[in-house]
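Chemist:
Listed below in structure tokens is the structure:
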């Protein structure tokens, strides 16, 4: 694996890991809680947490676009 495919792979990880974490958090938020844990306010991600997650995903998308462009530029010069 050369550095261009590694860059694409890392960019995909930067997109997928926060997205999976966000989806898991939203799923867990909707699960019924019983006993001493339940019967309270449903805690969701705060505004700051959502800003961090969404900005991380956007940075990953931007890096993925740059990585794909660099990969195709490298293939043209080869």
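Residue numbers (this note's numbering): 385 to 462.
Think of the CB as a built atom: it goes at the ideal place given N, C-alpha and C, for glycine as much as any other residue.
1) I need the straight-line Cα distance from residue 404 to residue 391, nearest angstrom please.
2) Alpha carbons only, please: which of 449, 398, 416 is nearest the one belonging to residue 438?
3) Need the endpoints of the alpha helix (DSSP H) that residue 395 sits in, please.
4) For residue 385, which of 460, 455, 461 has the nearest alpha-carbon?
5) In terms of residues, what are the limits of the alpha helix (DSSP H) holding residue 444?
6) Is it right to say residue 430 is buried, meaning 16 or more other beta carbons lie within 10 angstroms of its own, or is it exposed?
Modeler: Result, derived from the coordinates:
1) Sequence index remark: in the chain shown, residue 404 carries index 20 (1-based). Sequence index remark: in the chain shown, residue 391 carries index 7 (1-based). Whole-angstrom Cα-Cα distance: 20 Å.
2) Along the chain shown, read from residue 1 onward, the residue named residue 438 stands at position 54. Of the candidates 449, 398, 416, the one whose C-alpha sits nearest the C-alpha of residue 438 is 398.
3) Looking up residue 395 in the chain shown gives position 11. Where residue 395 is concerned, the enclosing alpha helix (DSSP H) stretches over 387–414.
4) Reading the chain shown from its first residue, position 1 is the one you call residue 385. Nearest Cα to residue 385 within the set 460, 455, 461: 455.
5) Residue mapping note: residue 444 aligns to position 60 of the chain shown, counting from 1. Segment 431–461, the alpha helix (DSSP H) holding residue 444.
6) The residue labelled residue 430 in the question sits at position 46 within the chain shown. Label assigned to residue 430: exposed.
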